[in-house]
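Written out below as structure tokens is the structure these notes cover.
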Amino acid sequence: MQLCDASGQAVVTPAACGNLPHAQRCAIAIRIARANGSEELATTYATLLATMQPAPAVAAIADGAGGADAREAAILSYVDTVTLTPAKASRAHIDALLGAGLTDSDVVSLAELVACINFQARVLAGVRLVEETFA
């Protein structure tokens, strides 16, 4: 679990965040955790987000708000699609991200973030299931 936590920290608060600020990444992590029904994971990232004093529009991302502009709308469309209906994710989502001003590196960072937080949520669900089954 420590490696899983370290991976989450690496994608949420990397040394070089590009065009995806730490607070935005953290709000996205909360959004993904909640979409997966992992309030425990959402709380972990909400505690971190609170230390960042995010703008209200950024904090609203965590609560499921839509994009405040075309850039954010493209990001959240990608995040929600990959999280909720991954089979529907397509090249069009990547093109929309690039068209909204993200760089190739930003798109890769966003994909890493989405993959990692979804993975963390699934690992936590598995651990909880094992604990409940064998408790």
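Going left to right, the sequence shown walks through residues 1287 to 1421 as the working numbering numbers them. Cβ coordinates follow ideal geometry from the N, Cα and C atoms, glycine included.
- Collapsing the DSSP output to three states places Asp1355 in coil.
- Within its own chain, the residues whose Cβ lies closer than 6 Å to the Cβ of Ala1360, once the five positions on either side in sequence are excluded, are Ala1382, Leu1383, Ala1386, listed in chain order.
- In this chain, the alpha helix (DSSP H) harbouring Asp1381 covers 1377-1385.
- In the structure shown, Gln1339 adopts coil according to DSSP, grouped into three states.
- The shortest C-alpha to C-alpha distance from Ala1302 to any of Leu1396, Val1413, Ala1407, Thr1367 is the one to Leu1396.
- Residues of the same chain with a CB within less than 6 Å of the CB of Gln1310, apart from the 5 flanking positions on each side, are Val1344 in chain order.
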